[in-house]
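Protein chains in written order, with my numbering: chain A, 5 to 253; chain B, 5 to 253. By construction, the Cβ of each residue, glycine as well, lies at the ideal position given by its N, Cα and C atoms.
Here it is in structure tokens:
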């Protein structure tokens with residue numbers, strides 16, 4: 005069965021089980037080699053990259069839908085996703101699936117709900133679905149070189165802006181870093197999210213003042229430099245800071 | 005024509021022009037008498053209060069839809085609304101319209117997109133629509149005493165939380181306050197949004213440090229106390245601070 009037949013077959017089923025006009029697109033960010041990356045699928049039908057999105061069942065809460073979609077499409081489980089924006093332009097999905105007529109479920113207008121999450125990519129064992137020829141982490145620096153479908157580039161950029169805004173007033177990093185990390189690794193994470201270099205002294209002072217770090221009785225060894233201290237997050241204080249925010253008031 | 009007949013008639017038209025399963029609900033906050041209030045409609049069909057929400061046309065961008073809805077339902081024009089959350093529980097609108105069968109457009113499952121905005125209530129001349137017996141600003145302190153439909157109480161609470169989070173890292177108030185205001189009025193606005201009292205000295209120092217205020221060559225006269233200085237927002241600096249946020253980094 006080629007990918008066109010596959011869509012026609014799935015379309016009949018989709019009309020039965022999914023709400024029309026509504027989709028969910030998860031943007032999963034990972035941090036690796038001092039860079040951010042994002043989880044994408046390359047579709048069989050036309051070789052473009054997509055977020056691992058999908059549709060909402062008629063009898064399913066939206067929040068459950070996005071978790072099921074991520075599991076179905078990429079094998080990713082046990083993630084906590086947060087809504088960040090809705091993409092509702094009338095023609096955002098209009099020009100896709102030109103090989104099909106309007107009866108195809110996948111071809112209608114979709115308003116999509118964007119969700120995002122931050123995770124350490126090592127955690128996941130990716131499994132691609134039947135519509136995709138691959139399921140991969142792509143570095144953000146590689147995005148200009150690949151073809152992204154529809155408005156998925158805009159969705160990723162908006163997720164990144166949300167993350168940038170969020171890091172200015174909430175602690176972030178718990179899910180992105182390994183359990184033990186150096187202050188320099190944490191600084192690098194903040195720098196790639198904020199898109200700017202930070203002054204080392206200021207950063208160390210501010211991050212320590214938050215009271216969310218535990219200094220461990222260990223050092224990172226093996227580097228060329230003096231072995232740096234290792235830290236982990238203080239889970240209770242981290243959760244409190246996440247709850248209350250780092251208010252200016 | 006009673007309200008039941010009215011719904012049946014509208015339902016036929018609605019199926020033609022609107023996307024099924026999708027709605028938009030604007031939460032418009034105003035500030036008056038040192039309190040926040042919210043714009044609500046009281047529906048003819050059953051005497052409950054609603055946000056002035058509605059549906060998205062098949063040929064309409066979501067952002068245009070919410071502005072049209074607000075104009076149609078409350079006569080409110082020229083507002084800038086921001087998305088804040090999607091409410092997608094499968095049964096959130098299920099138990100409404102019990103007097104009708106499932107063919108009524110209004111009775112299906114709706115995933116609703118929440119938008120919010122902050123405005124000085126004096127700006128608007130409210131005009132209720134044909135479904136409503138009134139269209140009013142209701143003080144937040146009055147909400148526990150009125151009957152709100154479906155999950156509209158939860159939507160308002162979530163909008164307020166969003167506003168609270170936002171005020172911790174962006175300047176807010178430009179649209180809520182009169183053109184000229186005292187620091188004490190601005191502090192009161194921050195206090196009602198944050199839901200806590202602020203130290204006067206700290207607040208004055210921090211707000212002045214943001215560089216978003218212009219001290220005017222005028223004082224508020226007529227009060228019992230020493231006439232306080234009047235301020236207005238410095239529009240350019242305010243816009244910059246809104247754009248860049250008050251980052252901790």
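Partner residues on chain B for residue 87 of chain A, Cβ-Cβ distance less than 8 Å: Taking the first residue of the first chain as position 1, residue 87 of chain A is located at position 83. Per Cβ cutoff of 8 Å: 89 and 90.
Under 7 Å by beta carbon: chain B residues contacting residue 117 of chain A: The residue you call residue 117 of chain A lines up with position 113 of the first chain. Neighbours of residue 117 of chain A on chain B, chain order: 90.
Own chain partners of residue 15 of chain A with C-beta closer than 7 Å, once the 5 adjacent residues on each side are dropped: Position 11 of the first chain, counted from the first residue, corresponds to residue 15 of chain A. Answer for residue 15 of chain A: 108, 109 and 110, listed in chain order.
Nearest-angstrom Cα separation, counted from residue 92 of chain A out to residue 242 of chain B: The count along the second chain starts at 1 and reaches residue 242 of chain B at position 238. The count along the first chain starts at 1 and reaches residue 92 of chain A at position 88. Roughly 29 Å separates the two Cα atoms.
The beta strand (DSSP E) enclosing residue 87 of chain B, as first and last residue numbers: Sequence index remark: in the second chain, residue 87 of chain B carries index 83 (1-based). Run containing residue 87 of chain B: 86-91, per the beta strand (DSSP E) assignment.
Cβ neighbours of residue 153 of chain A in the same chain (closer than 6 Å, five flanking residues each side left out): Within the first chain, the letter at position 149 stands for residue 153 of chain A. Excluding sequence neighbours, residue 153 of chain A sits near 52 and 54.
Length of the line joining the Cα atoms of residue 146 of chain B and residue 176 of chain B: Translated into the one-based positions of the second chain, residue 146 of chain B becomes position 142. Translated into the one-based positions of the second chain, residue 176 of chain B becomes position 172. Computed Cα separation, rounded: 23 Å.
Backbone secondary structure at residue 240 of chain A - three-state DSSP: On the first chain, residue 240 of chain A is found 236 positions in, with the first residue counted as 1. Note: residue 240 of chain A maps to helix in three-state DSSP.
Span of the alpha helix (DSSP H) around residue 118 of chain A: Within the first chain, residue 118 of chain A is the residue found at index 114, counting from 1. It is not in any alpha helix (DSSP H) - residue 118 of chain A instead sits in the beta strand (DSSP E) that spans 115-123.
Contacts of residue 65 of chain B in chain A (Cβ-Cβ under 8 Å): Residue 65 of chain B sits at position 61 when you count from the first residue of the second chain. Chain A residues near residue 65 of chain B: 92, 93 and 94.
Span separating the alpha-carbon of residue 209 of chain B from that of residue 216 of chain A: Taking the second chain and counting its residues from 1, one reaches residue 209 of chain B at position 205. Taking the first chain and counting its residues from 1, one reaches residue 216 of chain A at position 212. Each residue's alpha carbon lies about 27 Å from the other.
Contacts of residue 26 of chain A in chain B (Cβ-Cβ under 7 Å): Numbered from its first residue, the first chain carries residue 26 of chain A at position 22. Neighbours of residue 26 of chain A on chain B, chain order: 25, 26 and 115.
Residues that DSSP places opposite residue 46 of chain A in a beta bridge: Residue numbering aside, residue 46 of chain A sits at position 42 when the first chain is read from its first letter. BP columns for residue 46 of chain A point to A:53 and A:138.
Close Cβ partners of residue 222 of chain B (< 6 Å) along its chain, the five nearest in sequence each way excluded: As a first step, residue 222 of chain B is located in the second chain; it is residue number 218 there, counting from the start. Cβ neighbours of residue 222 of chain B beyond the five flanking positions: 234.
Beta carbon of residue 121 of chain A nearer than 8 Å to that of residue 197 of chain A: Taking the first residue of the first chain as position 1, residue 121 of chain A is located at position 117. Taking the first residue of the first chain as position 1, residue 197 of chain A is located at position 193. Contact: no.
Three-way DSSP call (helix, strand, coil) for residue 145 of chain B in this model: Taking the first residue of the second chain as 1, we reach residue 145 of chain B at position 141. Three-state result, residue 145 of chain B: helix.
Classification of residue 165 of chain A by the beta-carbon crowding that lies within 10 angstroms, buried from 16 upward: The sequence position of residue 165 of chain A within the first chain is 161, counting from 1. Residue 165 of chain A is exposed by the Cβ-count criterion.
Beta-carbon spacing of residue 42 of chain B, residue 142 of chain B below 8 Å: Position 38 of the second chain, counting from 1, holds the residue named residue 42 of chain B. Position 138 of the second chain, counting from 1, holds the residue named residue 142 of chain B. Yes, Cβ-Cβ distance for residue 42 of chain B and residue 142 of chain B is below 8 Å.
With 16 other Cβ atoms within 10 Å as the buried cut-off, status of residue 171 of chain B: As a position in the second chain, residue 171 of chain B is number 167, starting the count at 1. Classification for residue 171 of chain B: buried.
Per DSSP, the bridge partner or partners of residue 217 of chain A: To locate residue 217 of chain A, count along the first chain from 1; it is residue 213. Paired residues: A:237.
The alpha helix (DSSP H) enclosing residue 100 of chain B, as first and last residue numbers: In the second chain, counting from the first residue as 1, residue 100 of chain B sits at position 96. Counting along the chain, residue 100 of chain B falls outside any alpha helix (DSSP H), and DSSP gives it neither H nor E.
Extent of the continuous beta strand (DSSP E) to which residue 35 of chain B belongs: Position 31 of the second chain, counted from the start, is the residue given in the question as residue 35 of chain B. Run containing residue 35 of chain B: 22-36, per the beta strand (DSSP E) assignment.
8 Å contact criterion, which residue 23 of chain B and residue 59 of chain B should meet: CB distance rounded: The sequence position of residue 23 of chain B within the second chain is 19, counting from 1. The sequence position of residue 59 of chain B within the second chain is 55, counting from 1. With a Cβ gap of about 7 Å, residue 23 of chain B and residue 59 of chain B count as contacting.
Local Cβ density within 10 Å of residue 200 of chain A, reported as buried at 16 or more and exposed below that: Here the question's residue 200 of chain A lines up with position 196 in the first chain. Answer is exposed; the Cβ neighbour count stays below 16.
Below-8 Å beta-carbon distance, residue 206 of chain A vs any chain D residue: The displayed structure is made up of protein chains A and B, and chain D is not among them.
Element boundaries [beta strand (DSSP E), containing residue 80 of chain A]: One-based indexing of the first chain puts residue 80 of chain A at position 76. Here residue 80 of chain A belongs to no beta strand (DSSP E), and DSSP marks it neither H nor E.
Reference residue 104 of chain B; option with closest CA among B:183, B:240 and B:8: What you label residue 104 of chain B is simply residue 100 of the second chain in a count that begins at 1. Cα-wise, what sits closest to residue 104 of chain B is B:8.
Exposure of residue 123 of chain A, with buried meaning 16 or more beta-carbon neighbours within 10 Å: Numbered from its first residue, the first chain carries residue 123 of chain A at position 119. Label assigned to residue 123 of chain A: buried.
DSSP bridge partner residues for residue 161 of chain A (one or two, in chain order): Counting from one through the first chain, the residue named residue 161 of chain A turns up at place 157. Per DSSP, none; premise fails for residue 161 of chain A.
Nearest to residue 212 of chain B (by Cα), restricted to the options B:12, B:98, B:186 and B:76: As a first step, residue 212 of chain B must be located in the second chain, where it is residue number 208. Nearest option by C-alpha distance: B:186.
Limits of the unbroken alpha helix (DSSP H) element including residue 230 of chain A: Here residue 230 of chain A refers to the residue found at position 226 of the first chain. Residue 230 of chain A -> no alpha helix (DSSP H), and no H or E assigned at all.
Proximal residues to residue 82 of chain A (C-beta, below 8 Å), its chain only, five neighbours per side dropped: The sequence position of residue 82 of chain A within the first chain is 78, counting from 1. Cβ within range, chain order: n/a, list empty.
Simplified DSSP assignment, three categories, for residue 11 of chain B: Along the second chain, read from residue 1 onward, the residue named residue 11 of chain B stands at position 7. In this structure, residue 11 of chain B counts as helix in the three-state DSSP scheme.
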